[in-house]
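Colleague: In my numbering, the protein residues as written are 195 to 503.
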């Protein structure tokens, strides 16, 4: 009897393992990794002897070893860099070694002194095949009326770099969608996600997965993630610096949006989850929401604000 029970258990384990392997190999299933980690912060200038890639590279290696197709890191972490340069060369080599896509944030400086808050997209060969420039400046200090409309006066460039760099940054002018070998990906950076329009535009341009990278002490809002997934028929992955939280991966679920994996706040770690891209495509192809839009009524979305208080 004990032998028979052992055989049954063995067969059940074997069937389970076969099903697991088959599920991983089924077309349309994409394993994604997200990393919550500290690096350079918003107002940090380069520090002698500090190289954030020392902590970043092992996570790229781990994500690749665990079978992830894409690994996502937070905003700002690379600090102020020139591209190409030492930091991007190291990430490129790690991405190529693991044959994995990488999205990671940093300030890209040019030779003329301008800079932008950028999400860099590396392909499986380690090439930078995409960049997204933050379109909405998350400023912390202001003067004038209405509020948040004008930067503080009497401050020099160094003050802005260290205290409110997004006032002076070069802002993005569009919302690109990138064609990866497993699906179409759009990117948002931090404050962009507090506006409903970027995610909707990305979805209408064909994005099936939206990557939302952050660098803030608070927690990325799961209710925003779920709302975007529900209304725009996309999966989402968020990554925040480890002085905050809300790093998570979600998809549409069978009946409603769901968070597949989430990291505890203020902890450096990596999570993975598997997203069914085919399910997303079916949902998008059969969407009542998409078919019954009334664009002719939405003009106010692109008009200057006219509200009165």
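C-beta atoms are modelled at their ideal positions from N, C-alpha and C, and glycine is treated no differently. Bear in mind the structure is a predicted one, so any value in this text is a computation, not a measurement.
Thinking C-beta only, is residue 462 closer than 8 angstroms to residue 140?
Modeller: Lying before the first or after the last residue shown, residue 140 is absent from the chain, which here runs from 195 to 503.
Colleague: Which residue wins for smallest C-alpha separation from residue 337, given the options 500, 348, 330 and 238?
Modeller: Counted from its first residue, the chain shown places residue 337 at position 143. Of the listed residues, the one whose Cα sits closest to residue 337 is 348.
Colleague: I'd like to confirm the pairing. Which residues does DSSP put opposite residue 275 in its beta bridges?
Modeller: For this step, residue 275 is matched to residue 81 along the chain shown. Bridge partners of residue 275: 302.
Colleague: Kindly list the residues whose CB is nearer than 6 angstroms to the CB of residue 258, restricted to its own chain and excluding five residues on each side of it in sequence; keep chain order.
Modeller: The sequence position of residue 258 within the chain shown is 64, counting from 1. Excluding sequence neighbours, residue 258 sits near 292 and 294.
Colleague: What residue range is occupied by the uninterrupted beta strand (DSSP E) comprising residue 406?
Modeller: Here residue 406 is taken as the residue at index 212 of the chain shown, counted from 1. It spans 403–407 - the beta strand (DSSP E) in which residue 406 sits, taken as one unbroken run.
Colleague: Counting beta carbon pairs with one atom in the stretch 369–387 and one in the stretch 254–269, are three or more of them shorter than 8 angstroms?
Modeller: Short answer: they touch.
Colleague: Which complete beta strand (DSSP E) runs does the stretch 409–439 hold, if anything under 3 residues is left out?
Modeller: The qualifying runs are 429–433.
Colleague: Nearest by alpha-carbon distance to residue 352: which of 494, 488 and 239 is it?
Modeller: Locating residue 352 in the chain shown gives position 158, counting from the first residue. Minimum Cα distance to residue 352 is reached at 239.
Colleague: By how many angstroms is the C-alpha of residue 398 removed from the C-alpha of residue 480?
Modeller: Position 286 of the chain shown, counted from the first residue, corresponds to residue 480. Position 204 of the chain shown, counted from the first residue, corresponds to residue 398. Straight-line Cα distance between these residues: approximately 14 angstroms.
Colleague: Just how far apart, CA to CA, sit residue 492 and residue 499?
Modeller: Here residue 492 corresponds to residue number 298 of the chain shown, with the count starting at 1. Here residue 499 corresponds to residue number 305 of the chain shown, with the count starting at 1. For residue 492 and residue 499, the distance between alpha carbons rounds to 14 angstroms.
Colleague: Could you tell me which of 253, 379 and 285 sits nearest to residue 474, measuring between CA atoms?
Modeller: Start at 1 with the first residue of the chain shown, and residue 474 comes out as number 280. It is 379.
Colleague: Give the range of the alpha helix (DSSP H) segment to which residue 309 is assigned.
Modeller: By one-based count along the chain shown, residue 309 stands at place 115. No alpha helix (DSSP H) contains residue 309, which is instead part of the beta strand (DSSP E) from 309–316.
Colleague: Between the alpha carbons of residue 424 and residue 340, how many angstroms are there, rounded?
Modeller: In the chain shown, the residue the question calls residue 424 occupies position 230. In the chain shown, the residue the question calls residue 340 occupies position 146. Rounded to whole angstroms, residue 424 to residue 340 spans 33 angstroms at the Cα level.
Colleague: Taking the C-alpha atoms as reference points, what is the distance between residue 304 and residue 277?
Modeller: Stepping through the chain shown from its first residue, residue 304 is reached at position 110. Stepping through the chain shown from its first residue, residue 277 is reached at position 83. Going from the Cα of residue 304 to the Cα of residue 277 covers about 8 angstroms.
Colleague: Quick one: Cα of residue 269 to Cα of residue 497, how far?
Modeller: For this step, residue 269 is matched to residue 75 along the chain shown. For this step, residue 497 is matched to residue 303 along the chain shown. In a straight line, the C-alpha of residue 269 is about 29 angstroms away from that of residue 497.
Colleague: Taking the alpha helix (DSSP H) that residue 484 belongs to, which residues open and close that run?
Modeller: The residue labelled residue 484 in the question sits at position 290 within the chain shown. Segment 482–485, the alpha helix (DSSP H) holding residue 484.
Colleague: Hey, could you find the ends of the beta strand (DSSP E) residue 258 is sitting in?
Modeller: Walking along the chain shown from the start, residue 258 turns up at place 64. Counting along the chain, residue 258 falls outside any beta strand (DSSP E), though it belongs to the alpha helix (DSSP H) covering 247–259.
Colleague: Please determine, among 255, 369 and 228, the residue with the shortest C-alpha to C-alpha distance to residue 183.
Modeller: The chain is shown only over 195 to 503; residue 183 falls outside these bounds and no answer can be derived.
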